[in-house]
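Chains as they are written, first to last, in the working numbering: chain F, -19 to 374; chain V, 162 to 532.
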C-alpha cells in the first residue's frame, strides 16, 4: 500500500515540476513598474495599517508606514488635514499636543488657541495655525505612554504627497486609505484660491498621482485606494470628481455627523445605508457599536454587518490593538483571538489595526496565500486527511 | 494534466477507502485507559500550563486546569504546599492573602502571623496555619486586577491528589508538572508522623497514583511527569525514591537557593550544572536571566541555554504572559512574537505560560501535528 501511494506521489511531483518550468517568474520589477510588482491580495479581508505600524513607531510618520509595508500591510491608512498655507498633511488630531514636541518650542509658545471642533471647545496648538514649514520643524512622538518611546523626536510630519510616494515606491502593490478628516473644521480655517476647498485639493492630489478606476478595475488594482470620511457630504461632493471607491466612517453612537448633524441610528438605518450606497462601497464603524460590550465582555452583536452586506456594502471596523486594556475578556488578552472573532464569526471585509505585523501573521498562518504549484498534491493530502478525520485509516 | 491528476485522485481515494475498512476505528475509550488515549506530543517544545490557564481563571483551581487541558496543554503545572494537618495542596504563595477571600472571614481574623520566609519577614495568613478543612472553606480569586474577575469566589483550593485525578481523567494523555514548593519553610512548620518530611509525602502521592519511569520510557509516556523545585537538596533527596524526571528551577540573579544558600552564578556555572545533571533532566530559569532586558528591550543573550544543552539538560523558562506590560518592545506587544523568539531563536524545550490557549494556537499554526 505505501509503495503504491509512493509511486503516485512521484508521478504527481514530476508532472508538477514540468508544469512549473513552463511558466517562469517575471523579471524583477522596477519600483514604479506596477505590472511586475506582487499584486494586492484580494482573497482575504484587508489588513489596513491604521496610521501605519503605530503600535511600534510614532503614528503617521514615514517610518511607521515603511514598517507597515515591511510587515505586510495591504493598505496604509492616513488622516489628511491642512496646514495654514493649504498644504495637505498626514496628521490625526486637529491639535499638535498629543503627538508632537510643539509644547517644547518656545517660538510657538504664544500660538495656543481655543476653537470649536464638532460642537465642543478644544484648546491647543492647532495644525491650521502652522505653515507647512513650521509643521516640518516639529518632531513627532508616540501618542501612548505604554508604547515604545525610543523614536520620539526622530521623525517629521509628512505631506499627503510624501505619503503617496511611500506607497508608490514600495516593492509590491500597496494600497492607500486616506481620510478627508475634519473637513468642516478645515474649510472654516483654511482657504484656497480659485474657490477650491479641502475636498477639491484632496482629490486633485490623488488625480495628480494617477489614482483612478472603480473598485477592482484594472486601474484600481495597480494603485489601490479607498477614500474615507465621517462627513457624508464630503464623500458625495467628490463623487463627481473620482470614481475611486469610498468608505463612510461611522463614529460612536453618541456622536452626530459633523456636517449633517445626523445621529448614529439615522445613518445606520436601512434607508440611509441604501442611500449612501450610491456613493460608497463600504462603511467603517467603530467596532464597539457593531458588538456593544458589557463589563468588558462582548455583548449581543447588532445586525449592522448583515444589513450592510445585504446592500453589498463592505465593512471595515476600527480599531484593533494588541494591548490587553483594549481586549474584551472573551479574547483572553490574545489579539489573535480577537482577529479570529471578527474575521470568522462576524465576517468583516477589512480591519484597521495598529499592529500590522500581528494581523499579517494571523492571516498568513490561518489563511495563507494559496500556492498554485502544490494544488494537486495538496488536494490528495486533503482528501486523505478528510477520510482520516471521519474515522477511516489508522 | 487535469484528467491525469483526476484519475490519480480517484485511485488514491479507492485505495485509502479499502485500507481504512481493514482497520476499523478503536472502540470508545474509558477515561483511565491510557493505551487508547491520544498520546503526549513530543515532537515540539512542551506547552506547560503554568498554574493552569490562569490568564483566564483563578490560578491552580480545577477550573483553570480543565480549561488548560481543553486548550491543548501538554503539562498542567502546580505548586505543592502543605496544610497545617499535613495535606498536600495546590497553592503558590505561602500566604493566602493574594489569591483567596481569607481576609473577609471573621473567624480567621486572628490568624494573621509574621514568619521568616527565605530570609525575609512576611506577614499574612499562612497556609501552614490552616487545616485542610479550613482551607477548603475559602474561595479562590484571580491574582491580577487586570484579569477577569468574574470567577472570584467560585472555586476552592484543591489537593495534590485532586490535581492528579484531573490529569488522569482527561480524555487524552496530559502530563503533570508539580513543584516541591518552599520545602525549607514547610518542613519548619509542618510535621508528619514516622519521621516523614514534605518531600517524602510528595513522592508517596505520586507513587500512589502510579507515576514512574525515566524520561521518555513507556511508563513515563503513559503518565508524563516532571518534578520541579528551587531547592536542590530536595531534588537530590528524592532521587533514590523515584526515577521520574526532575527539573531544577533557577530564580533571579539576586536570590540564593533557600536550602544551600548558593548564588545564581554558582548554580549556573558549568561545574554545578554538570553536578546537578546527575539528578535532573532540565533547568527552569526565569527568562529575564537567560536574556537580561535593558529599557524593556531584549539585551544580549547569555550562554546559559547553550551550556545547558551541551550537558543534555532541557531548558524550560518561566513565565510567559500575554499582557503587554510583560512583553519587551522587541515583541511589539504580541505574545506570539515572544513565543517565536524563545522557541525559534533561543531554542528552548518547553515554556511555562499563563495563556495555554495562545501558545497552543501558535504551535498549531506554525508547527502543527505532522500528518
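Heads up, the beta-carbon is just placed ideally off N, CA and C, and yes, glycines get one too.
Please state whether DSSP places residue i in a helix, a strand or coil.
{"i": "residue 283 of chain V", "result": "strand"}
{"i": "residue 100 of chain F", "result": "strand"}
{"i": "residue 47 of chain F", "result": "helix"}
{"i": "residue 165 of chain F", "result": "helix"}
{"i": "residue 59 of chain F", "result": "strand"}
{"i": "residue 288 of chain F", "result": "helix"}
{"i": "residue 154 of chain F", "result": "coil"}
{"i": "residue 32 of chain F", "result": "coil"}
{"i": "residue 274 of chain V", "result": "strand"}
{"i": "residue 257 of chain F", "result": "coil"}
{"i": "residue 344 of chain V", "result": "helix"}
{"i": "residue 131 of chain V", "result": "Limits of chain V in this structure are 162 at one end and 532 at the other, which puts residue 131 of chain V out of reach."}
{"i": "residue 389 of chain V", "result": "strand"}
{"i": "residue 213 of chain F", "result": "helix"}
{"i": "residue 264 of chain F", "result": "strand"}
{"i": "residue 446 of chain V", "result": "strand"}
{"i": "residue 199 of chain V", "result": "strand"}
{"i": "residue 6 of chain F", "result": "For residue 6 of chain F, the predicted model reports a pLDDT of 37, less than 50, meaning its position is unreliable; a value from the coordinates is still stated below. Coil."}
{"i": "residue 76 of chain F", "result": "coil"}
{"i": "residue 191 of chain V", "result": "Note that residue 191 of chain V scores 49 on pLDDT, short of 50, meaning its location in the model is unreliable and no value can be drawn from it."}
{"i": "residue 238 of chain V", "result": "strand"}
{"i": "residue 183 of chain F", "result": "helix"}
{"i": "residue 512 of chain V", "result": "strand"}
{"i": "residue 93 of chain F", "result": "strand"}
{"i": "residue 303 of chain F", "result": "coil"}
{"i": "residue 294 of chain F", "result": "strand"}
{"i": "residue 522 of chain V", "result": "helix"}
{"i": "residue 244 of chain F", "result": "helix"}
{"i": "residue 532 of chain V", "result": "coil"}
{"i": "residue 281 of chain F", "result": "coil"}
Just to confirm, are residue i and residue j a CB contact at a threshold of 8 Å?
{"i": "residue 552 of chain V", "j": "residue 454 of chain V", "result": "Residue 552 of chain V lies beyond the range of chain V shown here (162 to 532); nothing can be said about it."}
{"i": "residue 150 of chain F", "j": "residue 336 of chain F", "result": "no"}
{"i": "residue 257 of chain F", "j": "residue 293 of chain F", "result": "yes"}
{"i": "residue 262 of chain V", "j": "residue 286 of chain V", "result": "no"}
{"i": "residue 420 of chain V", "j": "residue 345 of chain V", "result": "yes"}
{"i": "residue 301 of chain F", "j": "residue 334 of chain F", "result": "yes"}
{"i": "residue 158 of chain F", "j": "residue 195 of chain F", "result": "no"}
{"i": "residue 450 of chain V", "j": "residue 479 of chain V", "result": "no"}
{"i": "residue 137 of chain V", "j": "residue 345 of chain F", "result": "This structure cannot speak to residue 137 of chain V, because chain V is shown only from 162 to 532."}
{"i": "residue 343 of chain V", "j": "residue 242 of chain V", "result": "yes"}
{"i": "residue 313 of chain F", "j": "residue 304 of chain F", "result": "yes"}
{"i": "residue 310 of chain F", "j": "residue 277 of chain F", "result": "yes"}
{"i": "residue 376 of chain V", "j": "residue 442 of chain V", "result": "yes"}
{"i": "residue 414 of chain F", "j": "residue 40 of chain F", "result": "Only positions -19 to 374 of chain F appear in this structure, which leaves residue 414 of chain F out of reach."}
So, under 8 Å CB-CB, residue i and residue j are touching, yes? Tell me the CB distance rounded to an integer number of Å.
{"i": "residue 250 of chain V", "j": "residue 296 of chain V", "result": "6 Å"}
{"i": "residue 201 of chain V", "j": "residue 248 of chain V", "result": "At roughly 29 Å, the Cβ-Cβ gap does not stay under 8 Å, so residue 201 of chain V and residue 248 of chain V are not in contact."}
{"i": "residue 337 of chain V", "j": "residue 328 of chain V", "result": "5 Å"}
{"i": "residue 312 of chain V", "j": "residue 223 of chain V", "result": "That belief does not hold up - the Cβ atoms of residue 312 of chain V and residue 223 of chain V are roughly 12 Å apart, past 8 Å."}
{"i": "residue 231 of chain F", "j": "residue 213 of chain F", "result": "About 15 Å; that fails the 8 Å criterion."}
{"i": "residue 221 of chain V", "j": "residue 269 of chain V", "result": "Actually they do not touch by this definition, with Cβ atoms about 20 Å apart."}
Within the present structure, is the beta-carbon of residue i separated from the nearest heavy atom of the ligand MN by less than 7 Å?
{"i": "residue 240 of chain F", "result": "For the structure depicted, the ligand MN is absent and the ligand set is empty, with no information on it obtainable."}
- Chain-ordered residues of the stretch 488 to 522 of chain V with a beta carbon less than 8 Å from chain F: 490, 493, 494, 495, 496, 497, 498, 516, 518, 519 and 522
- Which residues, in chain order, does the stretch 304 to 328 of chain F contribute to contact with chain V at a C-beta distance below 8 Å? 304, 305, 309, 312, 313, 314, 315, 316 and 317
- Query: So, do the stretch 452 to 470 of chain V and the stretch 487 to 494 of chain V have three or more beta carbon pairs nearer to each other than 8 Å?
  - Reply: yes
- Message: I'd like to know if the stretch 107 to 122 of chain F and the stretch 63 to 70 of chain F are in contact, where contact means that at least 3 CB-CB pairs between them fall below 8 Å.
- Response: yes
- Message: For the pair the stretch 522 to 532 of chain V and the stretch 163 to 177 of chain F, tell me if three or more CB-CB distances fall below 8 Å.
- Response: no
- Which residues, taken in chain order from the stretch 203 to 217 of chain V, show a beta carbon closer than 9 Å to some beta carbon of chain F? 214, 216 and 217
- Contact between the stretch 381 to 389 of chain V and the stretch 400 to 416 of chain V: three or more CB pairs below 8 Å? yes
- Do the stretch 128 to 143 of chain F and the stretch 87 to 94 of chain F make contact, defined as three or more Cβ pairs closer than 8 Å? no
- Using 8 Å as the Cβ pair cut-off and three pairs as the minimum, do the stretch 505 to 525 of chain V and the stretch 214 to 222 of chain V touch? yes
- Query: If we count Cβ pairs, one from each stretch, closer than 8 Å, do we get three or more for the stretch 14 to 25 of chain F versus the stretch 112 to 121 of chain F?
  - Reply: no
- Mind the definition here: the stretch 344 to 359 of chain V touches the stretch 302 to 310 of chain V only if three or more C-beta pairs lie below 8 Å; say whether that holds. no
- Task: Identify each residue in the stretch 262 to 277 of chain F for which the Cβ-Cβ distance to at least one residue of chain V is less than 9 Å, and report them in chain order.
- Result: 275, 276 and 277
- Task: Take every Cβ of the stretch 336 to 346 of chain F, pair it with every Cβ of the stretch 23 to 30 of chain F, and state whether three or more of those distances are shorter than 8 Å.
- Result: yes
- Mind checking the stretch 132 to 165 of chain F against chain V and listing, in chain order, the residues whose C-beta falls within less than 9 Å of any C-beta there? none
- Message: Measuring CB atoms only, is the stretch 178 to 185 of chain F touching the stretch 117 to 128 of chain F, in the sense that at least three cross pairs come out at less than 8 Å?
- Response: no
- In the stretch 33 to 55 of chain F, which residues sit with their C-beta less than 7 Å from some C-beta in chain V, listed in chain order? 35 and 36
- For the stretch 264 to 276 of chain V and the stretch 223 to 243 of chain V, state whether three or more C-beta atom pairs, one from each stretch, are separated by less than 8 Å. no
- Message: Under 8 Å, CB to CB, which of the residues in the stretch 297 to 321 of chain V have a partner in chain F?
- Response: 307, 308, 309 and 311
- Against chain F: residues of the stretch 216 to 230 of chain V by CB proximity under 7 Å: 216 and 217
- Message: If the cut-off is 7 Å on Cβ atoms, which residues from the stretch 336 to 354 of chain F count as contacting chain V, listed in chain order?
- Response: 337, 338, 341, 345 and 346
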